[in-house]
Structures are given as structure tokens and as C-alpha cells.
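Written out below as C-alpha cells is the structure these notes cover.
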Amino acid sequence: MAVVNSTAKKYFAGAADSTIRKRLFLSLLAKHGRLTFGQSGYDSTWNVEYSQPPVQSHGASGEYEFSEHDLYRQLNLDWRGYVATDKMDYKNYLMNMGPTQIVDRYATILPNLRKSLDDHFHGELYVDGGASGNENRLHGIESFTGVGTTVAADLIAQPSDSGYGGKSTALQNQGGSWSTDLAAADRPNAAVATDWPDGNGSAEYDYMSPVLVNTTSSSWGTGSTAWEDNCGRILRRATTWLTKNGGADGRPTVYMMANNLFNSYQDYQEAKFRNVIPHAEARDLGFPDTLNQDGVMVKYEFDVDAGVFYGINVNQMELASLDSVLFGARGPYYDIKSDAYLFKAGFFGNARFNPKYFAKGASYA
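Taking this note's numbering, I'd label the letters of the sequence shown as residues 395 to 759.
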């Protein structure tokens, strides 16, 4: 029996690599070293930088001022999990052996569990883990994209998620200030009442605030509110906002979008260029249908809702697993009480994001 058990475990070998290769999001996380294993502790805790030490002007003489500066805020999330199970009665195991066997069910149980996890897990990276009913699901991107007041003329929605990792995503929640040089009618969001994300200000002002782009705004300058007319401007503006406010580290890696938006984006690109240029990094990872917008990947994704896109910065997030692999497998184990072989595969961990470096686009008003 011990030989059977140890041999069966090999059926799950390479599952993590297989899963990663099939999804651009996970492939990018792996390439950039953003998958971490062997995590531990009561919860998932990490720091985000919310402030910077003040810079003093100084002349040729005089004493320097010294004080201790608290630069960080700590985020905390609990660990989440996913499990797929199966079993095979010992009688069925015996009947499935020999020359009459059509499918070796015993040998395919773990690969089928892995495939089920493959198909289900990737979409969880977008889930709102704080929503009712999602208490055991990942804290995905939607966990910090709640919106406040937004009207049709606003280019962005007002960030207003109450508690990602225990901290609000609202602007100025930890103080700070932002410029008000633009005329009120030209500000990206009227309710925000500052130039943000245009203009400039202090680090504290937006340290937890994602850029939430109103794709159907009437202010994109084309006279249209349609995505196919404005998509180029929308993505360029989102890239500029994220990179300007986050520095070189703020540049998004990929815009992951629903296929209806991607199809319209392809049409927009085709009208401008005879040949639509793929993104070299994504092509080298095995995703040749990924396009290039100002150096940022543009890709469709099955798990993204219609009419939505996400600006993802893989270097400002982490997928943390409590196990030594992405999906841990247990079994087959023979249970004498039920006279059956038991199989289990799953994930325990969570995702961690720095919301400031992410964007979402949707029809907010």
C-alpha cells in the first residue's frame, strides 16, 4: 500500500508550473519573483510606505534638525483557502484495474483536481475578498476598488474603499495635500476637488488610492463616450497617472481587460496601424496575442467582467502561499473506515497589493 501511495503523488508533479504557464497574470508574477512560498504566521501582514522624510532647506551655517519619522502603515489580512477533493472506493479501484479498463480513474483523479483548481483559481485574483459571502476567498483587486461620488463628466471615480487590510483607500485619509491649479471644470473628479491624479502633492495624500478610470466620461475630448473612440486616450492617461504619481516603480505591467474591450481596442489599433504590434515580453512567455500600448501589455482575460479593465503592476503585489508550492496535493490515502482512497488538492494563502500602483477602468457614470 505504501508503494501505491508514494507513486500516486507523482501524478501532481509540475502542477504549479503547468498552472503558471497557462495564464499571463501568473506567468508575470513568476517571472518577476512575486510568488512566495512557505509563508507563516497568524495573518498576512505587510508594510506600505505612506510618507517621506521632510527635506529642509539649508544655508551655509546653522544647525540641522533631527526627528524620527514614521514612514509606514501596516496592512493585515487573514489567510484564505481553496480545496478540491475526490475519493475512490476500494471496490471501484479493483474493478477499474486490468484489461477491461477504459480510463485509469485512480491515476487521473489528482490531475483532474489540479485542472479544476487551474480553471477556478486565476479568477480569484480579481475577487473582492471583503464582500459578504467571500470570507474564505482571496483578497483580489476588487478588494480595494470601491468608489465614491462620480458624475458623467469625471475622468476618474473617487476612490472610497473602507478597509483594505484595515486601511481606507480614500484620498487624504492620512492627511497630506494636493494642488488645485486646474479650473474646477477641468479637474478629473469634481467631488475630489483637487487636481489629482493630475498635478502634484504629498505622499500621504494618495498612498492607498488606486486610479479608477471612468471609461464612459464625456470629457475625453473626442465628443464621444464610447470605449472604441477613447480607448487609446484612456490607457495613455492611466499609464501617465500611475507612472507620474508612483515614479518609475508605478508604471503598470499589463492592462488586463474583458474581451469586448480588447476586441474594440484591436479595431482601434488596426485603424491606426496596418500591423498591430505584439508585446515582446508577453510573446516570449507564450502569449503572442498580447498587444503593446506605450510599453504596457494589453491582454484580454476570461475572468474579467465585460466592460472592465485593470491596470496591474506585478512588482507592487505578491501571491503568498502557506505551502511550499502553489497547489499542495495530499493523497491518495487509504481510509479503512470508508474503505476508499481519499484525494485532496488546494491552496492556502492570500494576495497582497499596494493599491496606489493599480488602476481599474469601468463605466462609473
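The C-beta atom is built at its ideal place from N, Cα and C for all residues, glycine as well.
Since the structure is predicted, the reported quantities are computational estimates derived from the model, not experimental observations.
Anticipated Cβ contact below 8 Å, residue i with residue j, distance rounded
i       : j       : result
Phe-538 : Pro-672 : Actually they do not touch by this definition, with Cβ atoms about 30 Å apart.
Val-698 : Met-651 : 6 Å
Gly-626 : Phe-703 : Not quite, the Cβ-Cβ distance comes to about 13 Å (not below 8 Å), so this is no contact.
Residue from the options whose Cα sits closest to the Cα of residue i
i       : options                            : result
Gly-569 : Thr-479, Tyr-444, Gly-432          : Tyr-444
Arg-508 : Val-449, Lys-416, Asp-697          : Lys-416
Asn-583 : Pro-553, Ala-745, Leu-423, Ser-562 : Pro-553
Ala-525 : His-516, Gly-542, Thr-502, Ser-556 : Ser-556
Arg-581 : Asn-567, Asn-653, Ser-613          : Ser-613
Lys-561 : Ser-757, Thr-588, Lys-666, Ser-603 : Ser-603
Met-711 : Ala-587, Asp-643, Ile-503          : Asp-643
Gly-542 : Leu-465, Tyr-487, Ala-587          : Ala-587
Arg-631 : Met-482, Ala-753, Met-491, Gly-456 : Ala-753
Contact under 9 Å by Cβ, residue i with residue j
i       : j       : result
Leu-471 : Asn-441 : no
Thr-647 : Val-708 : yes
Gly-740 : Tyr-649 : no
Pro-726 : Tyr-500 : yes
Tyr-751 : Gly-640 : yes
Leu-629 : Tyr-659 : yes
Thr-633 : Leu-418 : no
Asp-522 : Asn-530 : no
Trp-572 : Gly-743 : no
Ala-745 : Gly-534 : yes
Asn-624 : Gly-701 : no
Residue-level contact to chain D via CB, residue i, 9 Å cutoff
i       : result
Ala-632 : Absent here is chain D; the protein component of the structure consists of one chain.
Alpha-carbon spacing of residue i relative to residue j, whole angstroms
i       : j       : result
Gly-617 : Ala-547 : 12 Å
Ala-738 : Glu-695 : The sequence as given places Lys at residue 738; Ala does not occur at that position. Their backbone Cα atoms lie some 28 Å apart in a straight line.
Ser-596 : Arg-724 : 50 Å
Pro-447 : Tyr-601 : 14 Å
Thr-479 : Ser-510 : 10 Å
Thr-439 : Glu-664 : 45 Å
Lys-729 : Tyr-436 : The sequence given here places Asp at residue 729; Lys does not occur at that position. Their Cα atoms are separated by approximately 31 Å.
Thr-544 : Arg-677 : 38 Å
Asp-411 : Asn-506 : With a pLDDT of 49 at Asp-411, under the threshold of 50, the modelled position of that residue is not reliable, and the figure given next carries that caveat. Between Asp-411 and Asn-506, the C-alpha separation is close to 16 Å.
Glu-518 : Leu-532 : 6 Å
Phe-656 : Tyr-558 : 29 Å
Ser-611 : Ala-564 : 21 Å
Trp-621 : His-514 : 29 Å
Lys-638 : Gly-453 : 30 Å
Trp-590 : Tyr-599 : 9 Å
Tyr-520 : Glu-536 : 6 Å
Val-449 : Ala-585 : 31 Å
Asn-686 : Ser-421 : 17 Å
Pro-682 : Ala-674 : 8 Å
Thr-401 : Leu-736 : Reliability fails at Thr-401, whose pLDDT of 42 lies under 50, so the model's placement of it is uncertain and no value is given.
Tyr-758 : Gly-680 : 34 Å
Asp-498 : Asp-733 : 19 Å
Ile-503 : Asp-512 : 14 Å
For the stretch 708-722 against the stretch 427-437, do three or more pairs of beta-carbon atoms, one drawn from each stretch, fall closer than 8 Å, so that the two count as touching?
Yes, the stretch 708-722 is in contact with the stretch 427-437.
Should the stretch 453-461 be called in touch with the stretch 577-588, which here means at least 3 C-beta pairs below 8 Å?
They do not touch, by the three-pair rule.
When the Cβ atoms of the stretch 605-612 are set against those of the stretch 549-561, are three or more pairs found closer than 8 Å?
yes
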